[in-house]
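Count along the sequence shown from 1, then add 4; that gives the number in this note's numbering.
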Amino acid sequence: MTESKPAGKGAGILARILALVLALGGLGLTAGGVKLLTLGGSAYYVLAGLALLAVAVLLWRGRKVSAYLYLALIAITWIWALWETGGNGWAMVPRVALLTGFGLFFLLPPVARYLGYRDGGCIAGRALLGIIAVIVVGVISVLIVNPGAPDGKADLSNLAFDAAPTEWLAWGDNQGGERFAEAAQITPANVGALELAWTYETGAAPRPGGAAALAFEVTPLKIGNKLFGCTPHNVLFALDPVSGKEIWRHDPPVDDQGVLFANCRGVAYADLVERGAIAAPASNDGPQPACLKRIYTGTIDARLLAVDAETGKPCEDFGVNGAVDLRKNITPHDKLYFYYTSAPTVSGSVIVLGSYGFDGQLLRQPSGVIRAFDLKTGKQMWDFDPADPDRTAPLADDETYVPGSPNSWSVSSTDEALGLVYVPMGVATPDYYGGERTKSGEKFSNAILALDNKTGELRWMFQTVHHDIWDYDIASQPVLTDFPVNGKNVPALISIAKTGETFVLDRRTGKPLSPIVEEKVPGRAGPGEKASPTQPFSPEMPNFAGQRLTESQMWGLTPFDQLWCRITFKSLRYDGRYTPPSLQGSLQYPGFAGGVNWGSFSVDKKSGRLLVSSNRLPTRSKLITPKEAAALGMKPAGKGVVSSPEAVRAGVPQFGARYAVLNGTLLSPLQVPCLQPPMGELAALDLKTRKIVWQRPIGTADRMGPLGIASHLPFTIGLPSVGGTMTTASGLTFIASTPDKRIRAYDSNTGKLLWRADLPANGNANPMTYVGRDGRQYVVIAAGGSGALATNEKNIMVAFALPK
C-alpha cells in the first residue's frame with residue numbers, strides 16, 4: 005500500500021462513525037468480558053474488547069495501523085473460534101460473522117482515503133479482506149447447509165394403485181404405540197413426488213372468554229372408510245379418507261371458560277361386538293343397532309364422551325346421554341386443574357384414562373387417579389388412586405380422592421394378551437419443590453405403572469426419576485415392542501424420558517432388559533428440600549439429551565448476546581444433570597421439554613431400530629419466596645385470576661409451598677437459544693447393537709430469527725421438536741414437529757432427507773398413514789401449531805399422496 009494525505013471532512017465523518025461504533029462494541033465486550041473473567045470464564049472477550057478500543061482510537065486519529073490491527077484481530081478470532089468450536093459452523097457464527105463483516109467497512113473508499121491510502125494503493129488490503137469474506141461465506145455455507153437436502157427426484161415407473169386398504173386403529177397405530185405402518189406404496193425412490201391430496205379445515209377458533217390458546221395436535225384414526233379426529237374444543241369429526249370430505253360432525257357443548265390450553269390430541273375406538281361387550285346382531289342385513297362401534301374422547305371440561313362411529317350421534321346408553329362426568333369424586337377445583345387432552349386407551353372391556361392439570365399452581369392440586377369405565381355403559385369399573393393404591397373399587401358417591409397425587413396426562417399403552425395397561429405418570433405438584441409432597445406422591449411420581457385391565461391392581465412399577473424437582477414427568481407413551489436379548493426377542497416396554505434416558509423393561513415383569521443402575525447426582529438443594537442422592541441411569545443405551553454443557557457451547561447471533569449467555573451460564577448453578585433448583589438460580593439440562601416429549605418415537609420393525617426426535621434446550625430455574633412471588637404478581641390461576649401462555653413461560657407460583665419458581669428456556673436478549681445448534685435432532689437407534697446409527701438436525705432457520713423475525717436463511721439448523729415420528733415398512737420416517745411449518749420424510753436406514761413440504765401451520769402432532777379404498781397411500785398431519793408455544797394459527801388437517 006502507498007500513503008497519501010488524509011482525505012477531506014466527508015471521508016473523516018464516515019471513518020469516525022465507524023470508530024465510534026467499534027468503540028461502543030469494544031466497551032461492551034470489555035465490560036462483559038471482565039464480568040465473565042471474574043466468573044472464571046474465557047479471557048477472549050476482554051482482550052477482544054480492548055483490541056477494538058485500540059482500533060477505534062487509532063481509526064479516529066486516521067492511523068493506517070488501525071486496519072492492520074483489526075485484520076490481526078479477525079485472524080486471531082478465527083483461530084480461537086476454530087479451536088473452541090472444533091469447526092462447528094453454527095457455533096462459529098457469533099464468534100466471527102459480525103467481526104469479519106465490519107472489517108469490510110475498512111475497504112470503503114472514504115475510509116481508505118481517510119487512513120491515507122490512494123485508491124490504487126490499498127488493492128492488496130482489499131484483496132486480503134475480500135479473501136477472508138469469501139472464506140467466511142464458503143466455510144459457513146459448507147458447515148451449515150445440509151448436503152442431504154431433497155433433490156426432488158422420484159421414480160414413478162413401477163407405481164400401481166392396487167394396494168389393499170390399511171388402518172390406523174389407535175393413537176400410536178397399534179395398542180403398543182409402535183407407529184409403524186405396513187403400508188409401503190410410498191418408498192424412498194418415489195417419496196419425492198408426494199403432493200397435496202386434500203385439506204380439511206376444522207373451523208376451530210378461540211371463543212370469547214374461553215381458552216387463552218388452542219393446540220391442534222390430534223393424530224387421527226383410520227378405521228374402515230372413515231378418518232376420525234377431534235378439534236381443540238373436542239368437536240368430533242369423521243372424514244372420507246380419500247377425499248377429506250366431512251361425513252359427520254359432533255359438536256358437544258364443551259365449556260372452555262377458565263381453561264388455559266384447549267387441546268385434543270386424539271380419540272379412541274372400540275368395536276363392542278368384537279370385544280364381546282354387545283351381542284352380535286342376529287342379521288347383517290338391514291339397519292344395524294346404534295353404537296356397535298364407538299369413538300371415545302375425554303374433554304377439556306372433564307367428561308368422557310362416546311359417539312356412534314357410523315353417525316357421530318351420542319351413545320345414549322353410555323353414562324348420561326353419551327357422557328360420563330369425570331369430576332365425580334374429585335375435590336372442588338377450578339376447571340384448569342382437572343381436564344383431559346390426550347387420547348384414552350381401550351383395553352379389554354374398559355376404557356382407561358388419567359387426567360391433565362395445569363402444572364405448578366398449587367401445593368395440593370386434584371387427585372391424579374387413573375380410572376377405567378365400561379365400554380358400553382360408562383360405569384366406573386375400577387380405579388388406581390396413588391394416594392390409596394391398595395383399594396381399586398370405585399368410591400361411594402359422597403367420597404373424594406385425596407388431592408396432591410401425581411396424574412397421567414399422556415397416553416397409556418396396553419398388552420391385552422397380558423391383561424396389562426401401562427400408565428406413564430407425571431409428577432405430584434408442585435413441580436419444582438418436593439419438600440412438602442406426600443409419601444404416595446413421591447412413590448408414584450414419574451413411574452410407569454403396569455395395571456391389571458380387569459381390576460386396576462398394580463402388577464409392577466418402575467420409577468424413572470426419584471423425587472422429581474425438574475418437571476421430568478413421563479411425557480412419551482410407553483412403546484411395546486420386541487427387544488433382542490441373547491439372540492431372542494423378548495416382549496419389552498421401552499420408555500425414553502425427558503431426561504433422555506432410554507429404559508428397556510420386560511413388560512411382563514418390569515425387570516430391566518438392559519442394565520439400569522443408580523448413580524450419584526448433585527445434591528445440596530434449597531432450604532427445606534432434600535434432593536435424591538442417586539438417579540436411575542441406563543448406561544448401555546444411548547442418552548438423547550446430549551452431554552454435560554460447557555461455557556463454550558453458549559451461543560447467540562452476535563458476540564454480544566453470546567457473551568451475555570456465557571455470563572449467565574457461569575452465574576447459574578450447574579453441576580451437570582439433575583442440578584436442583586436453587587435460590588441462586590440453576591441451569592437445568594435437559595430442560596423441562598426434554599429430551600423426548602409427548603410425541604414419543606416410532607419403531608422400524610423390519611430393521612429393529614427406533615426413530616427418535618429429541619430436544620436440546622436448557623432451562624433455568626430460580627426459587628423465590630411467596631413474598632417475592634406476590635411482589636411480581638404471581639398468583640395461582642383460577643378464582644378470577646386468568647393466566648396466559650406468556651405468564652406460564654415466566655414461572656409458576658406453587659401456592660402453598662415454601663417456594664415459587666422463576667423458570668423458562670435459556671434465551672439470549674435477542675430471544676434465540678443460548679445453547680448452540682442443533683436444538684432438535686432426529687436419530688436412529690439400533691436395538692441389536694444399542695448404538696445410534698445416524699443422527700441429523702431437523703428444521704431450517706428461514707422462518708426463525710432474532711426477536712421472532714424470520715431470517716429467510718435456508719440453512720439446516722436443528723429446531724426444537726413438539727411431536728413425534730411415524731415409520732413405514734418401505735423404510736421411510738415422517739416427522740413434522742419443528743416450528744418451521746414443514747413436514748419431512750427421511751430414509752430410515754441412512755437419515756438422508758428425501759422430501760419436505762410446506763404446511764399452513766406448524767405440524768405439532770404425530771403424522772399417520774394408511775391406504776385408502778382407492779389403493780392410494782396417504783400421509784396425514786394436523787397443521788395447527790401449539791398453544792403452549794404460542795404458534796396456533798390455523799387448524800387444518802393435511803393429506804399427501806403420490807400423483808395418480
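Just so it is clear, CB atoms sit at the ideal spot from N, CA and C, and this is done for glycine as well.
Only a predicted model underlies this, so the values are computations on that prediction, with no experimental measurement involved.
When the Cα atoms are used, PRO657 and PRO677 turn out to be separated by approximately 25 Å. For VAL115, the secondary structure class from DSSP, reduced to helix, strand or coil, is helix. The beta-carbon separation of ILE800 and TYR343, rounded to 24 Å, does not stay under the 8 Å limit for a contact. Of the candidates ALA187, TYR49, LYS157, the residue whose Cα lies closest to the Cα of THR731 is ALA187. Between the alpha carbons of ARG746 and ALA786 lies a gap of roughly 11 Å.
Within a 10 Å sphere around the beta-carbon of ARG511 sit 16 or more other beta-carbons, which makes this residue buried. Taking every protein chain shown into account, the CB of LYS631 has fewer than 16 other CB atoms within 10 angstroms, so this residue is exposed. In this structure, the CA atom of THR704 is about 34 Å from the CA atom of LYS39.
Residue environment analysis places LEU56 among the buried positions, since at least 16 neighbouring C-beta atoms fall within 10 angstroms of its C-beta. Between SER790 and ALA219, the C-beta gap is smaller than 7 Å, which places the two residues in contact. With contact defined as three or more Cβ pairs closer than 8 Å, the region 759-771 and the region 734-746 are in contact. Per the C-alpha coordinates, the member of GLY16, GLY642, THR754 positioned closest to PHE110 is GLY16. Under DSSP, GLN539 takes part in a beta bridge, and its partners are GLU523. Taking 3 residues as the minimum length, the beta strand (DSSP E) runs contained wholly in the region 434-507 are 451-456, 462-467, 483-489, 492-500, in order along the chain.
Judged by beta-carbon spacing, LYS574 lies within the 7 Å limit of LEU43, meaning their Cβ atoms are closer than that value. Judged by pairs of C-beta atoms under 8 Å, the region 695-712 does not touch the region 575-584, as fewer than three such pairs exist. By the criterion of at least three beta-carbon pairs nearer than 8 Å, the region 555-573 is not in contact with the region 441-461.
Segment contact: the region 395-411 against the region 485-497, fewer than three CB-CB distances shorter than 8 Å; contact not assigned. Remark: C-beta atoms of VAL263 and ALA209 do not approach each other more closely than 7 Å. For GLU250, DSSP records a beta bridge to LEU243. When DSSP states are grouped into helix, strand and coil, MET558 belongs to the strand group. Of the candidates LYS798, LEU806, ALA641, ALA805, LYS798 places its Cα closest to the Cα of GLY207. When rounded, the separation of the alpha-carbon atoms in LEU112 and ALA19 is 9 Å. Per the coordinates, the alpha-carbon of SER625 lies some 6 Å from the alpha-carbon of GLY589. With respect to the 7 Å criterion, ALA769 and GLY727 are classified as neighbours on the basis of their beta carbons. In this structure, the beta-carbon distance from LEU561 to LEU576 does not fall below 7 Å. Counting C-beta pairs with one atom in each stretch, the region 304-316 and the region 337-357 have three or more that are closer than 8 Å, which means they touch.
For GLY642, the closest of PHE605, ILE520, GLY364 by C-alpha to C-alpha distance is GLY364. Apart from sequence neighbours up to five positions away, the residues of its chain that approach PRO370 with a beta-carbon distance below 7 Å are ILE334, THR335, HIS337, TYR341, PHE342, GLY361, PRO407, ordered along the chain. Distance check between GLY598 and each of PHE605, ARG620, LEU366, TYR578 places ARG620 closest, using alpha-carbon atoms only. Boundaries of the beta strand (DSSP E) harbouring GLY233: 230-234, taken from the DSSP string. Relative to LEU455, the option among GLY358, GLY93, ALA805 whose CA is nearest is GLY358.
Boundaries around MET96 are those of the alpha helix (DSSP H), 93-107, since no beta strand (DSSP E) includes it.
For the options TRP175, SER606, GLY595, the alpha carbon positioned closest to that of THR485 is the one of SER606. Residue pairing for PRO428: DSSP places it in a beta bridge opposite ILE452.
Under the DSSP assignment, ALA167 falls outside any alpha helix (DSSP H); it carries neither an H nor an E label.
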